[in-house]
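Just so we're aligned, residue 6 is where the sequence shown starts under this note's numbering, counting upward by one.
Below you'll find the structure, written out as C-alpha coordinates, and then a few comments.
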Amino acid sequence: MKKHVAIALVLAAAGLAGCASNSELSDVRAQIEQAQQTADRALSAAESAQQRADSAVSTANAASAKADAAQATANQVDEKIDRMFKKTMMK
(Lines of atoms letter the chains of each structure in order from A and count residues from 1; the text may use other names and numbers.)
(Lines give C-alpha, C1' and ligand atoms only; values in the text may rest on other atoms or scores of the structure.)
Protein backbone atom coordinates (compact mmCIF):
# COMPACT_ATOMS: atom_id res chain seq x y z
CA MET A 1 0.00 0.00 0.00
CA LYS A 2 2.77 2.41 0.89
CA LYS A 3 4.43 1.50 -2.37
CA HIS A 4 1.27 2.42 -4.32
CA VAL A 5 0.95 5.73 -2.50
CA ALA A 6 4.58 6.55 -3.20
CA ILE A 7 4.13 5.71 -6.87
CA ALA A 8 0.96 7.82 -7.00
CA LEU A 9 2.79 10.76 -5.42
CA VAL A 10 5.68 10.45 -7.88
CA LEU A 11 3.27 10.31 -10.82
CA ALA A 12 1.29 13.26 -9.46
CA ALA A 13 4.49 15.28 -9.02
CA ALA A 14 5.61 14.37 -12.53
CA GLY A 15 2.21 15.38 -13.90
CA LEU A 16 2.34 18.73 -12.11
CA ALA A 17 5.86 19.33 -13.34
CA GLY A 18 4.63 18.65 -16.87
CA CYS A 19 1.81 21.16 -16.44
CA ALA A 20 4.23 23.77 -15.14
CA SER A 21 6.45 23.18 -18.13
CA ASN A 22 3.49 23.54 -20.52
CA SER A 23 2.48 26.75 -18.78
CA GLU A 24 6.01 28.07 -19.07
CA LEU A 25 6.11 27.07 -22.72
CA SER A 26 2.86 28.95 -23.31
CA ASP A 27 4.38 32.02 -21.67
CA VAL A 28 7.50 31.73 -23.79
CA ARG A 29 5.41 31.30 -26.95
CA ALA A 30 3.40 34.39 -26.04
CA GLN A 31 6.60 36.37 -25.51
CA ILE A 32 7.96 35.14 -28.83
CA GLU A 33 4.76 36.16 -30.62
CA GLN A 34 4.87 39.57 -28.96
CA ALA A 35 8.52 40.00 -29.93
CA GLN A 36 7.69 39.00 -33.52
CA GLN A 37 4.86 41.53 -33.65
CA THR A 38 7.19 44.21 -32.33
CA ALA A 39 9.82 43.26 -34.91
CA ASP A 40 7.20 43.35 -37.68
CA ARG A 41 6.10 46.84 -36.61
CA ALA A 42 9.72 47.98 -36.47
CA LEU A 43 10.36 46.59 -39.95
CA SER A 44 7.27 48.33 -41.29
CA ALA A 45 8.35 51.62 -39.73
CA ALA A 46 11.85 51.22 -41.15
CA GLU A 47 10.50 50.50 -44.63
CA SER A 48 8.26 53.55 -44.42
CA ALA A 49 11.17 55.70 -43.28
CA GLN A 50 13.29 54.37 -46.16
CA GLN A 51 10.57 55.28 -48.65
CA ARG A 52 10.38 58.81 -47.24
CA ALA A 53 14.16 59.11 -47.34
CA ASP A 54 14.23 57.92 -50.95
CA SER A 55 11.57 60.49 -51.81
CA ALA A 56 13.57 63.22 -50.07
CA VAL A 57 16.70 62.25 -52.03
CA SER A 58 14.72 62.39 -55.27
CA THR A 59 13.37 65.84 -54.39
CA ALA A 60 16.86 67.04 -53.45
CA ASN A 61 18.29 65.75 -56.72
CA ALA A 62 15.57 67.55 -58.69
CA ALA A 63 16.25 70.76 -56.76
CA SER A 64 19.98 70.41 -57.40
CA ALA A 65 19.37 69.98 -61.12
CA LYS A 66 17.21 73.12 -61.18
CA ALA A 67 19.84 75.04 -59.23
CA ASP A 68 22.52 73.91 -61.69
CA ALA A 69 20.36 75.08 -64.60
CA ALA A 70 19.75 78.42 -62.91
CA GLN A 71 23.48 78.83 -62.28
CA ALA A 72 24.23 78.09 -65.93
CA THR A 73 21.70 80.72 -67.01
CA ALA A 74 23.17 83.22 -64.57
CA ASN A 75 26.66 82.53 -65.93
CA GLN A 76 25.44 83.14 -69.51
CA VAL A 77 23.80 86.42 -68.50
CA ASP A 78 26.99 87.46 -66.69
CA GLU A 79 29.05 86.77 -69.82
CA LYS A 80 26.63 88.80 -71.97
CA ILE A 81 26.79 91.71 -69.55
CA ASP A 82 30.59 91.57 -69.57
CA ARG A 83 30.64 91.61 -73.39
CA MET A 84 28.20 94.53 -73.48
CA PHE A 85 30.29 96.43 -70.95
CA LYS A 86 33.48 95.83 -72.93
CA LYS A 87 31.79 97.00 -76.15
CA THR A 88 30.62 100.13 -74.38
CA MET A 89 34.11 100.84 -73.05
CA MET A 90 35.64 100.45 -76.54
CA LYS A 91 33.45 103.16 -78.02
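In this text, a Cβ means the ideal position worked out from N, Cα and C, and glycines have one as well.
Residue i to residue j span [Cα, whole Å]
i, j, result
"V82", "K92", "15 Å"
"A70", "Q39", "47 Å"
"D45", "A65", "30 Å"
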